[in-house]
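Here is the structure we will look at.
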Amino acid sequence: RVLPHPIFKREDKNILVDHTIKLTDALLGTTIQVPTLYGEKQVKVPMGTQPQTKLRLKALGVPAVNGKSKGDQFVRIQVTYPDKLSDEQKELIEKIKESGL
Numbered sequence: 205r206v207l208p209h210p211i212f213k214r215e216d217k218n219i220l221v222d223h224t225i226k227l228t229d230a231l232l233g234t235t236i237q238v239p240t241l242y243g244e245k246q247v248k249v250p251m252g253t254q255p256q257t258k259l260r261l262k263a264l265g266v267p268a269v270n271g272k273s274k275g276d277q278f279v280r281i282q283v284t285y286p287d288k289l290s291d292e293q294k295e296l297i298e299k300i301k302e303s304g305l
């Protein structure tokens, strides 16, 4: 039995990590630093990433019992939305909305 870890969740040979980004980063794309079992990795989050999207990091999971393969690590993207907007931010978002987004 494996005890729960505060960052990593194990799913068979795969590892799952949640990572939260801002709404603007989800819309425009960004690069994030993600912890793995093998150290920090930079991961590109594509433009238009939806909440709960899982990004795959190949062969960064747990080694198989026979040692011949490794699982993958998945980064599940969580998106934070602002609680409050300034008048200027509201105005800008209204302009974007009017443009069809």
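According to the numbering used here, the sequence shown holds residues 205 to 305 in order. For glycine and all other residues, C-beta sits at the position ideal for the given N, C-alpha and C.
Residue i versus residue j: straight-line alpha-carbon distance, rounded
i: V249; j: T284; result: 15 Å
i: A263; j: G275; result: 5 Å
i: Q293; j: I300; result: 11 Å
i: K258; j: K245; result: 15 Å
i: F212; j: Y242; result: 12 Å
i: P210; j: E302; result: 43 Å
i: G271; j: T240; result: 18 Å
i: V221; j: L296; result: 33 Å
i: L305; j: H223; result: 25 Å
i: S273; j: K288; result: 47 Å
i: D291; j: K217; result: 48 Å
i: T234; j: V269; result: 36 Å
Collapsed DSSP secondary structure at residue i in the structure displayed
i: Q254; result: coil
i: D216; result: coil
i: K301; result: helix
i: D222; result: strand
Any C-beta of chain B under 8 Å from that of residue i
i: D287; result: The chain inventory of the structure shown lacks chain B, comprising one protein chain alone.
Short Cβ contact (8 Å threshold) for residue i with residue j
i: I236; j: I219; result: no
i: R280; j: Q256; result: yes
8 Å contact criterion, which residue i and residue j should meet: CB distance rounded
i: R214; j: V266; result: 7 Å
i: Q282; j: L261; result: That pair is no contact at about 17 Å.
i: D251; j: L227; result: Per the sequence shown, residue 251 should be read as Met rather than Asp. Not really, about 13 Å apart at Cβ, beyond 8 Å.
ask   = What runs of the alpha helix (DSSP H), each 4 residues or longer, lie entirely inside the segment 223 to 297?
value = 227 to 232
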